[in-house]
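Peer 1:
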Amino acid sequence: MAIKWEGVMPAVTTKFTKDDKLDLVTFEKNINAQLEAGVNGIILGGTLGEASTLTPAEKETLVKKTLEITAGQVPVIINIAEQSTTEAIQVAKNAEAWGAQGLMLLPPMRYKATDHETVVYFKEIAKSTSLPIMIYNNPVDYKIEVTIEMFEELLADCPTIEAVKESTRDISNVTRLKNKFGDRIKILCGVDTLALESMVAGADGWVAGLVAAYPAETVAIYKLVKTEDIAEALRIYRWFMPLLELDISPQLVQNIKLAEVATGLGTEYVRAPRLVLQGAERERVQGIIDAAMAVRPELVEYKSL
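Under the numbering used here, read the sequence shown as residues 222 to 526, first letter to last.
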């Protein structure tokens, strides 16, 4: 399946049971809700998906289960965030063998690579697979920025690098990328609190987090922006903002899973060393969710937009 790299692509949570096994029943319920809302792809094993705690066998199970649920409706993409180039290449090969249709690729983890090392890392992975790739550019959290100059080299040598998850927190970078590369690289906003602004600036889509709990609202904002009904998109976005801010936190997984509980699309079980929220912080996050749920907006008919 060809990937268009546009629209809303949820970076979904990984569902666990109380005894720390994959909860595929709840996972399927959530994926079906994403499909019903009209998302354009499913991204597995990202930060929100607790990638660092998943075993290879669990990744395989998630990919194959998602392919079964989606049944060709949208592409299934898996994140690569490994410690070494060799490990990353193996995950890429595994993903292709399992049937995944694309990759999201982080720079080297646990090592602040130089620009040259980062480019070589991406190139080696790209050359090892035929799957299309979205580069995850998040220097705020991962301390490595993929610059315009680095993208220039990557795009010249690697035709399968097709998109970027733009998470620099600098909205003007959308314009820089568009000015430099045009449609050669698709741009998807990777920061929930900057999504509307990024799409107005020309981003092609949104790799979303709170979509895990609120798929319809997320897709509605995207559709409304792309049909230039900014006023209606802003009405929903302004309601959404306190919830979206739960995504820009070290505890984003716990926060968003608590929101999934509120909307009936998940449980709050996380995998250690993460623990469910406790005490005052739990009360604060629950208060944000409760306040939003009390005034959850009615949505216009957006699917046909």
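Just so it is clear, CB atoms sit at the ideal spot from N, CA and C, and this is done for glycine as well.
#1: For my contact list, T350 and A313 are in at a C-beta cut-off of 8 Å; report their separation, rounded to the angstrom.
#2: Roughly how many angstroms separate the alpha carbons of S305 and A512, rounded to a whole number?
#3: Note down, one range per segment and in chain order, each beta strand (DSSP E) of at least 3 residues found wholly within the region 268-325.
#4: Would a C-beta distance cut-off of 8 Å place A309 and I264 closer than the cut-off?
#5: Measure the Cβ-Cβ separation of V367 and S388 and say whether it is below 8 Å.
#6: Only counting the same chain, and skipping five residues up and downstream in sequence, which positions put a Cβ closer than 6 Å to that of G320?
#7: How should N251 be labelled, buried or exposed, when 16 other C-beta atoms within 10 angstroms of its C-beta is the threshold for buried?
#8: Leaving out five residues before and five after Y363 in sequence, what residues of the same chain have Cβ atoms less than 7 Å from its Cβ?
#9: For G259, which three-state DSSP category applies?
#10: Report the CB separation of G430 from D391 in whole angstroms; it is logged as a contact under 8 Å.
#11: Identify every run of the alpha helix (DSSP H) within the region 340-398, keeping only runs that are complete inside it and at least 4 residues long; order them along the chain.
#12: Quick check: what's the CA-CA separation for E519 versus Q475?
#13: Excluding the 5 residues preceding and the 5 following V482 in the sequence, name in chain order all residues of the same chain whose CB lies nearer than 7 Å to its CB.
#14: According to DSSP, is V229 part of a helix, a strand, or is it coil?
#15: Identify whether I442 lies in helix, strand or coil by the three-state DSSP scheme.
#16: Nearest-angstrom Cα distance between R495 and E466?
#17: Could you tell me the boundaries of the alpha helix (DSSP H) in which V421 lies?
#18: In whole angstroms, what is the alpha-carbon distance linking W460 and V516?
#19: Relative to the C-alpha of G262, which candidate in A454, T335, V297, I406 has its C-alpha closest?
#20: Which residues mark the beginning and the end of the beta strand (DSSP E) in which A429 is found?
#21: Between G259, R492, E383, which lies nearest to I406 when the distance is taken from Cα to Cα?
#22: Mapping the DSSP letters down to three states, classify K407 as helix, strand or coil.
#23: Use the C-beta contact count for Q255: other C-beta atoms within 10 angstroms, 16 or more gives buried, fewer gives exposed.
#24: According to DSSP, simplified to helix, strand and coil, what is I252?
#25: Who are the Cβ neighbours of D336 in its own chain at under 6 Å, not counting the five residues just before and after it?
#26: Excluding five sequence neighbours on each side, which residues of the same chain lie with their C-beta closer than 7 Å to the C-beta of V497?
#27: For L269 versus A316, is the C-beta distance shorter than 8 Å?
#28: Could you give the distance in angstroms between the alpha-carbon of T396 and the alpha-carbon of Q322?
#29: For S393, count neighbouring Cβ atoms within 10 angstroms of its own Cβ and tell me buried if that reaches 16, exposed if not.
#30: Reducing DSSP to helix, strand and coil, say where I477 ends up.
#31: What do you reckon, are the CB atoms on K333 and Y357 nearer than 8 Å?
#32: For F461, report the span of its alpha helix (DSSP H) as first-last.
Peer 2: Reading off the structure:
#1: By one-based count along the sequence shown, residue 350 stands at place 129. By one-based count along the sequence shown, residue 313 stands at place 92. Indeed, because the Cβ distance is near 4 Å, the residues count as touching under 8 Å.
#2: As a first step, residue 305 is located in the sequence shown; it is residue number 84 there, counting from the start. As a first step, residue 512 is located in the sequence shown; it is residue number 291 there, counting from the start. Distance between the alpha carbons of S305 and A512: 44 Å.
#3: Counting only runs of at least 3 residues, the region 268-325 fully encloses the following beta strand (DSSP E) elements, listed from N- to C-terminal order: 297-301.
#4: The residue given as residue 309 occupies position 88 in the sequence shown. The residue given as residue 264 occupies position 43 in the sequence shown. Result no, Cβ atoms of A309 and I264 do not sit closer than 8 Å.
#5: Taking the sequence shown and counting its residues from 1, the one referred to as residue 367 is at position 146. Taking the sequence shown and counting its residues from 1, the one referred to as residue 388 is at position 167. Result no, Cβ atoms of V367 and S388 do not sit closer than 8 Å.
#6: By 1-based counting over the sequence shown, the position of residue 320 is 99. Contacts found: L288.
#7: Numbered from its first residue, the sequence shown carries residue 251 at position 30. Classification of N251: buried, given that the 10 Å Cβ count is 16 or more.
#8: Taking the sequence shown and counting its residues from 1, one reaches residue 363 at position 142. Closer than 7 Å at Cβ, skipping near neighbours: L327, P328.
#9: Reading the sequence shown from its first residue, position 38 is the one you call residue 259. Coil at G259, not helix or strand.
#10: As a position in the sequence shown, residue 430 is number 209, starting the count at 1. As a position in the sequence shown, residue 391 is number 170, starting the count at 1. Contact check for G430 and D391: beta-carbon distance about 19 Å, past the 8 Å limit, so the pair fails to qualify.
#11: 360-363, 369-378
#12: The residue you call residue 519 lines up with position 298 of the sequence shown. The residue you call residue 475 lines up with position 254 of the sequence shown. Between E519 and Q475, the C-alpha separation is close to 26 Å.
#13: Position 261 of the sequence shown, counting from 1, holds the residue named residue 482. Contacts found: T488, E489.
#14: Within the sequence shown, the letter at position 8 stands for residue 229. Three-state DSSP puts V229 in a strand.
#15: Along the sequence shown, one-based indexing puts residue 442 at 221. Residue state, collapsed to three classes: helix.
#16: Residue numbering aside, residue 495 sits at position 274 when the sequence shown is read from its first letter. Residue numbering aside, residue 466 sits at position 245 when the sequence shown is read from its first letter. Answer to the nearest angstrom: the Cα atoms are 19 Å apart.
#17: Against the sequence shown, residue 421 aligns to sequence position 200. 416-421 is the span of the alpha helix (DSSP H), which, as asked, contains V421.
#18: Here the question's residue 460 lines up with position 239 in the sequence shown. Here the question's residue 516 lines up with position 295 in the sequence shown. About 8 Å.
#19: Taking the sequence shown and counting its residues from 1, one reaches residue 262 at position 41. Checked all of A454, T335, V297, I406; the closest Cα to G262 is V297.
#20: The residue labelled residue 429 in the question sits at position 208 within the sequence shown. Run containing A429: 426-429, per the beta strand (DSSP E) assignment.
#21: Here residue 406 refers to the residue found at position 185 when the sequence shown is read from its first residue. If we check each option's Cα against that of I406, E383 comes out closest.
#22: Translated into positions along the sequence shown, residue 407 becomes position 186. Of the three classes helix, strand and coil, the one that applies to K407 here is strand, per DSSP.
#23: One-based indexing of the sequence shown puts residue 255 at position 34. It counts as buried.
#24: Indexing the sequence shown from 1 puts residue 252 at position 31. Reduced to three states, the DSSP call for I252 is helix.
#25: Working through the sequence shown from its first residue, we reach residue 336 at position 115. So the list reads M371, once near-sequence residues are dropped.
#26: Here residue 497 is taken as the residue at index 276 of the sequence shown, counted from 1. Contacts found: Q475, E489, V491.
#27: Within the sequence shown, the letter at position 48 stands for residue 269. Within the sequence shown, the letter at position 95 stands for residue 316. Against a cut-off of 8 Å, the Cβ pair of A316 and L269 comes out as no contact.
#28: Translated into positions along the sequence shown, residue 396 becomes position 175. Translated into positions along the sequence shown, residue 322 becomes position 101. So the alpha carbons of these two residues sit roughly 28 Å apart.
#29: Stepping through the sequence shown from its first residue, residue 393 is reached at position 172. Exposed: under 16 other Cβ atoms inside 10 Å.
#30: What you label residue 477 is simply residue 256 of the sequence shown in a count that begins at 1. Residue state, collapsed to three classes: helix.
#31: One-based indexing of the sequence shown puts residue 333 at position 112. One-based indexing of the sequence shown puts residue 357 at position 136. K333 is not a Cβ neighbour of Y357, given a cutoff of 8 Å.
#32: Within the sequence shown, numbered from 1, the residue matching residue 461 stands at position 240. Taken as a continuous stretch (DSSP letters only), the alpha helix (DSSP H) holding F461 covers 451-465.
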